[in-house]
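Chemist:
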Amino acid sequence: MNPDDLKYHKEHTWIRLSGKKVTIGITDYAQEALGDIVFIDLPEGDTEIEANGEIGEIESTKATSSIISPVSGRVIKVNDDLTETPELVNDDPYGKGWIAVIEIDDASELDDLMDSSEYAKFVEEEAK
Amino acid sequence: MKLAILGSGPGGYVAAVRAAQLGAEVTVIEEDEVGGTCLNWGCIPTKSLVSSSEMFFRAKRLQEFGIETTGTISPNFLKILERKNRIVNLQIKGIRNLFKFYRITLQEGRGQLISPSEIAFTSKNGSHGTVKADRIIVATGSRPFQLPGFPFDGKQILSTDDVFSLDAIPKSLIIIGAGVSGCEFACIFRQLGSEVTILEKLPRALSTEDTEISEIFERELKKRGIRLLSNITINKVDTRDGSIRVFLTDGTELEAERALVSVGRSLNSDGIGLEKVGIGKGVGGEIIANEKMETNISGIYAVGDVIGGHMLAHVASAEGIVAANNSMGGDERADYSSVPSAIFTSPEIASVGIRGQQAAEMGIKVRTGHFQFRTLAKSHIMGEIEGMIKIISDESSDRIVGVHMIGPHASDLIHEAVLAVSKGLKTTDISRIMHAHPTLSEVLQEAAADVHGEAIHAQKK
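Right, here's the structure in full:
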């Protein structure tokens, strides 16, 4: 269910690495837990963010929740489609529901992240 | 006892009625229409605009509620103003009727103190005279503050009063000042379809509110497509045919059809004879009055905006009652310990008591409880799920010392909190009393319970 080519963070975000850039989104588990997403407060382009820091905020009909960045770096692109259609995150969390692209400072931060099977186990543990 | 009151806003007219109830022979001197800023340019007309803009905003959501529509809906600003005028006129009539009932004399004209027991007046038609009184209450209020370099022209550079003379909804609007009025007008015009940009020199919108509340509000602005530029300084303004251009010191250039300046208010304490009688004023021009509403001159009281402070209609009215009672031999003090504030933005914001950041500054140890409106069934039923409530209680006594909310009907919901803060109730006093289900009032019960981690509908780890 969780793609194998991604890395996962314990705050239920994922990253896809491509050179020095990573794409960030929230996991299928997170979107399922949040329910219908009604608004995403996207980060501004060109802002510096820190690993484990807030990159934005998601509002669903049930809850509001911070989006935590797994990596440090600079936001170079945000998914503007989510302004009008935030439900893309529900429909396609690993695809059209991506949130931002970040140019990373320190690739070694990625080592702290989980792979898909570790994340699956982590979610299972958390649910207990 | 003869009492003369200068000004008939929510301070003056309420004082007049109260004093008449106590048997005073009251004369109110008013140069404009009764009701003051509140009724003619402030609270009442703006909230009428809020209602029209909300109605339009909701009408666009009819399908969501299962209502099919055909044809288009669109706002007509002149008709919106007509409705506003009907409401205002009804309230004006109401005050005039109260005056008749209580045999209060309304003297039209601009009044000026000429001695501690006399007010001279000149009416618009040139007639003049003097009102003699044993006691005087000054309730002259305030007016929009003119920003240097931004002279109001009533057409392109508007004061908050000028909004009611517009003949159409501006396509684009720059609002200078993200205070209460600026944010209210931003929501009104955005909901009516304007492109709205707010400029604020401070780091936050509604900077006097609890930080958590203003953060949520800023997100709501974003959600509604209102652009907020904070921490800015204006360098230059340029009006030309049909548009206004604002240049910021950081190089940003903005253009809009009109600009609305909403950066505070100037006090009406000049030209009313205060100097002649020797009434003391503070550095901001405010009349200095004590908690009994007494000025330094015996027998002369002052209430409302003109004494500075909260600058709220309900505070002026409360002060008016204190002044009236004291002028008739009472010995009362105004109580400012639980003044509610209500901001009619979308969503509404309301608060009472201390703010989170204040508790830290004051060194008070507190607990906080939060609850989201979207957790309530009633919010979903109404289709208004935005917002949050925060309750601050004193850590040792559990007494509620501050309540802050943003969400549907916050301005009505706050009053249970006002009672709690005013009477020193504990969080358990609120969490253990029944709140009818399903109602929005459940946010208070749950937030009070959340102070001790006991909210039923919150999942906290």
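Order-wise, the sequence lines are chains A and B.
Taking this note's numbering, the leading residue of the first sequence gets 1194, the next gets one more, and so forth.
Taking this note's numbering, the leading residue of the second sequence gets 21, the next gets one more, and so forth.
Ideal Cβ positions, reconstructed from N, Cα and C, are used throughout, including at glycine.
1. Which residues bound the alpha helix (DSSP H) around K99/B?
2. Starting from F77/B, trace the alpha helix (DSSP H) both ways and give me its first and last residue.
3. For a cutoff of 8 Å on Cβ pairs, would you count D1234/A as touching chain B?
4. Distance check for K443/B and V70/B, CA to CA, integer angstroms please.
5. Under the assumption that L213/B contacts I194/B (Cβ atoms under 8 Å), give the Cβ distance between them as a whole number of angstroms.
6. Does chain B have any CB closer than 8 Å to the CB of K1166/A?
7. Please state the DSSP three-state secondary structure of S451/B.
8. Which chain B residues are close to E1250/A, counting only those with a beta carbon under 8 Å from its beta carbon?
9. Mind pulling the chain B residues with CB within less than 7 Å of K1255/A?
10. State the Cα-Cα distance for the pair N255/B and T269/B, rounded to the nearest angstrom.
11. What in chain A is Cβ-close to I233/B, meaning under 7 Å?
12. Identify the contact partners of I405/B in chain A, using a Cβ-Cβ distance below 7 Å as the criterion.
13. Just the chain A side, please: which residues come within less than 7 Å of K242/B by C-beta, in chain order?
14. DSSP on S185/B, reduced to helix/strand/coil?
15. Can you give me the start and stop residues for the alpha helix (DSSP H) that L1275/A sits inside?
16. From this set, L249/B, A79/B, S94/B, which residue's C-alpha is nearest E88/B's C-alpha?
17. List the residues of chain A that H400/B touches, going by C-beta distances under 8 Å, in chain order.
18. Would H435/B and K410/B be called neighbours here (beta carbons separated by less than 8 Å)?
19. Return helix, strand or coil for E1250/A, following the three-state DSSP convention.
20. Would you mind giving the Cβ-Cβ distance between K398/B and P458/B, rounded to the nearest angstrom? I have them listed as a contact below 8 Å.
21. Could you tell me the distance, in whole angstroms, from the CA atom of G427/B to the CA atom of I236/B?
22. How big is the Cα-Cα spacing for V471/B and G1238/A?
23. Let me confirm a value: A354/B is counted as buried when at least 16 other C-beta atoms fall within 10 Å, else exposed. Which label applies?
24. Is it the case that the Cβ atoms of V323/B and A24/B are separated by a distance below 8 Å?
25. Taking the DSSP output, what are the residues bridged to A322/B?
26. Which residue marks the beginning of the beta strand (DSSP E) containing R394/B, and which one marks its end?
27. Can you tell me where the alpha helix (DSSP H) holding A467/B begins and where it ends?
28. Quick check: the Cα distance between S451/B and G422/B, rounded to an integer number of angstroms?
29. Would you tell me roughly how many angstroms separate the C-alpha atoms of M382/B and K312/B, rounded to the nearest one?
30. Per DSSP, which one or two residues make a beta bridge with R38/B?
31. Between the alpha carbons of G31/B and E1247/A, how many angstroms are there, rounded?
Modeler: With the given structure in hand:
1. Element bounds for K99/B: 97 to 121.
2. Element bounds for F77/B: 63 to 79.
3. Closer than 8 Å to the CB of D1234/A there is at least one CB belonging to chain B.
4. If you take the alpha carbons of V70/B and K443/B, they lie about 32 Å apart.
5. Reading the sequence as shown, one finds Gly at residue 213/B and not Leu. Between I194/B and G213/B the Cβ distance is about 16 Å, and since that is not below 8 Å, they are no contact.
6. The displayed coordinates of chain A run from 1194 to 1321. Any statement about residue 1166/A would go beyond what the structure contains.
7. DSSP places S451/B in helix when its eight states are reduced to three.
8. Neighbours of E1250/A in chain B, taken as residues whose beta carbon is under 8 Å from its own, are R239 in chain order.
9. Under the 7 Å cutoff, chain B gives R394.
10. Using only the alpha carbons, I get a separation of about 5 Å.
11. Simply none; closest approach about 14 Å.
12. Per Cβ cutoff of 7 Å: T1254.
13. Residues of chain A with a Cβ closer than 7 Å to the Cβ of K242/B are, in chain order, D1234.
14. It is helical.
15. For L1275/A, the uninterrupted alpha helix (DSSP H) run begins and ends at 1274 to 1277, by DSSP.
16. Among L249/B, A79/B, S94/B, the Cα nearest to that of E88/B belongs to A79/B.
17. Close partners of H400/B in chain A (Cβ separation under 8 Å): T1254.
18. In this structure, K410/B does not lie closer than 8 Å to H435/B by Cβ.
19. The three-state secondary structure of E1250/A, taken from DSSP, is strand.
20. Correct: roughly 4 Å between the Cβ atoms.
21. Roughly 10 Å separates the two Cα atoms.
22. When rounded, the distance between both Cα atoms is 37 Å.
23. By the neighbour-count rule (16 or more Cβ atoms within 10 Å), A354/B is buried.
24. Against a cut-off of 8 Å, the Cβ pair of A24/B and V323/B comes out as no contact.
25. Paired residues: V158/B.
26. First-last for R394/B: undefined, no H or E at that position.
27. Here the alpha helix (DSSP H) through A467/B covers 462 to 470.
28. Their Cα atoms are separated by approximately 15 Å.
29. Straight-line measurement puts the Cα of K312/B at about 26 Å from the Cα of M382/B.
30. BP columns for R38/B are empty, so no partner.
31. Taking the straight line joining both Cα atoms gives about 47 Å.
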